[in-house]
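Numbering (full-length UniProt numbering), first residue to last: 1 to 121.
What follows is the structure in structure tokens.
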């Protein structure tokens, strides 16, 4: 699970059901993510399944830690391909999230400029 904010619904119930079904959940939060919610989502122990980065600039470091945790054993040839594909996908998602964050930041600045032009001082 990857998030940068507060959940819009009750995540604990669904996370509990998934974990009860044998799903191992890694929770990765960035920026304004709520650590308590991440803890409810992540499998236990938190030290192995919960990751947090203050901003998207630090996501690479967290990604490496997560990769070493997920791929800690030497995978069989079949699993190696799956693991490498997962990491490649994750790297692609991280890159796109950075791009999106930059676009949102630029739009926010434009909106602030427009607001300052429209609101009389």
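By construction, the Cβ of each residue, glycine as well, lies at the ideal position given by its N, Cα and C atoms.
Between residue 31 and residue 13, the CB-CB gap reaches or exceeds 8 Å.
Comparing alpha-carbon positions, the option among 91, 26 and 11 lying closest to residue 61 turns out to be 91. Annotation: the continuous alpha helix (DSSP H) that includes residue 35 extends over 35–41. Of all C-beta pairs linking the region 10–25 to the region 36–43, three or more are shorter than 8 Å, placing the two stretches in contact.
Residue state for residue 20 is assigned as helix, using DSSP reduced to three classes. A distance below 8 Å between beta-carbons, with the five flanking residues on each side excluded, links residue 19 to the following residues of its chain, in chain order: 25 and 43. Looking at the backbone, the Cα of residue 58 and that of residue 28 are separated by about 12 Å.
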